[in-house]
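**Student:** Numbering (the numbering used here), first residue to last: 5 to 140.
1) Spatial neighbours of residue 125 within its chain, please: C-beta separation below 7 Å, excluding the five flanking residues on both sides.
2) Using three-state DSSP, classify residue 36 as helix, strand or coil.
3) Using CA coordinates, which residue listed in 22, 91, 47 is at the minimum distance from residue 31?
4) Where does residue 44 fall in DSSP's three states?
5) Taking the alpha-carbon of residue 37 as reference, which of 28, 49, 26 has the nearest alpha-carbon?
6) Using 8 Å for Cβ pairs, my map puts residue 127 next to residue 60. What's the rounded Cβ distance?
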């Protein structure tokens, strides 16, 4: 089994959520349980995925330094680099995504609409860090 298989097992979940990319009403998103102007309650799957990142140690506690070293200063920068990122950079990108919700309510919604969770997992698979061989 790939060392990050627990994360990779969420590929189907995130692929299915891409159908909701253009949904404007937050309450209609399947990965949001409830929302207020100050707080978003996410689905169990989203919360379990975030927890799994820590469990499999796919976290970069120096993610701000790693992103800075790769000259990533924005969401667009993460989008641009995720498709060519190595494992350490993927960790930094995903750590920023996971941690940002703590400081900005709704950050995960923005990242979901840009498919960044999915793109990180697809790159992990491409690098052969998930079960089975790499994808084309």
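C-beta atoms are modelled at their ideal positions from N, C-alpha and C, and glycine is treated no differently.
**Tutor:** If we stick to the structure as given:
1) For residue 125, where only same-chain residues beyond five positions count, the Cβ hits under 7 Å are 11, 12, 14, 15, 18.
2) In the three-state scheme derived from DSSP, where H, G and I count as helix and E and B as strand, residue 36 is classed as strand.
3) Comparing Cα-Cα distances from residue 31 to each of 22, 91, 47, the minimum goes to 47.
4) Strand.
5) Of all alpha-carbon atoms in 28, 49, 26, the one lying nearest the alpha-carbon of residue 37 is that of 49.
6) The Cβ separation is near 16 Å, so there is no contact.
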